[in-house]
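To start, the structure itself, in structure tokens.
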């Protein structure tokens with residue numbers, strides 16, 4: 886969480902986009918039964934929420 890606070894808004898948006906792409910790919914692999922580690926989906930979703938929270942905090946500050 887601390888490393889997210891030090892990043893700029895552009896860097897956070899890039900990370901958010903990358904996480905969303907990863908989540909899409911994980912869901913696709915899960916649907917086609919190619920995904921081994923299904924807990925990774927939960928981790929990526931939480932990471933997206935963390936990034937979104939930091940972006941909102943910076944926008945309100």
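Residue numbers (our numbering): 886 to 946.
For every residue, glycine included, the Cβ atom is placed at its ideal position computed from N, Cα and C.
Here the structure is a predicted model, which is why all the values come from computation and not from measurement.
* Asked: Any idea if residue 904 is buried or exposed, counting beta-carbon neighbours within 10 angstroms, 16 or more meaning buried?
  -> buried
* **Backbone secondary structure at residue 942 - three-state DSSP** => helix
* Proximal residues to residue 960 (C-beta, below 8 Å), its chain only, five neighbours per side dropped -> Beyond the ends of the chain as shown, which are 886 and 946, falls residue 960; an answer cannot be given.
* Tell whether a beta-carbon distance below 7 Å holds between residue 936 and residue 899. => no
* To do: Could you give the DSSP three-state label for residue 922: helix, strand or coil?
  => Note: residue 922 maps to coil in three-state DSSP.
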